[in-house]
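Residue numbers (mature numbering (1 follows the signal peptide of the UniProt record, and there is no 0)): -19 to -1, 1 to 157. From the three backbone atoms N, C-alpha and C, an ideal C-beta is built for every residue, glycine too. All figures in this text were calculated on a predicted structure; none of them were measured in a lab. Everything below concerns the one structure shown next.
Right under this line is the structure:
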């Protein structure tokens, strides 16, 4: 009897394991099929963050600068629940978000004095030529990261910034 049930049992276990794997993989993807969480940026110069996914929900924050990085943490229809560098969370319509990667230089170091900077180098190492000193809170365009350093541009200056000193790329994340 067990010999007759064994193929059915093995098939059932294989199907269950496959379904569990698919659920685990989709758990890290939103309705759009894109990974969650992920970084995006504001496409428009004026963007309202709302307390819920729709225009009938109250506005919790108004952003007045395009290019600000946001972290998408949830999706509902064409709305994205995002978190900003200060930790504020709310909903923004996907049409107001861009896949362009940007970052903020060490927002956690704001208000620590005038001599606090994030250094941008000409090469992927701190011994390279110093290209710029970025004040905490400066927004930069991120062209790519190798897991330790991010190639970035800000106000005409291009170089490499330590990935640990920006908000807009995950630790160890590599992309182009």
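Nearest-angstrom Cβ-Cβ length linking residue 164 and residue 73, presumed shorter than 8 Å: For residue 164 there is no data in the structure shown, the boundaries of the chain being -19 and 157.
Of all Cβ atoms in chain E, is any one closer than 9 Å to the Cβ of residue 127? Among the chains in the structure shown there is no chain E, since it carries only a single protein chain.
What separation, rounded to the nearest whole angstrom, lies between the Cα atoms of residue 41 and residue 27? 13 Å
For residue 124, which of 44, 155, 106 has the nearest alpha-carbon? 155
Between which two residues does the beta strand (DSSP E) carrying residue 88 extend? Segment: none, residue 88 is in no beta strand (DSSP E) and carries neither H nor E.
Spatially closest choice to residue 12 from 100, 54, 106, by CA coordinates: 54
Per DSSP, which residues does residue 100 bridge with? Please list them. 114
Rank 46, 35, 92 by C-alpha distance to the C-alpha of residue 59 and give the top, closest one. 35
Alpha carbon to alpha carbon, how far is residue 10 from residue 129? 25 Å
Could you compute how far the alpha carbon of residue 77 sits from the alpha carbon of residue 23? 6 Å
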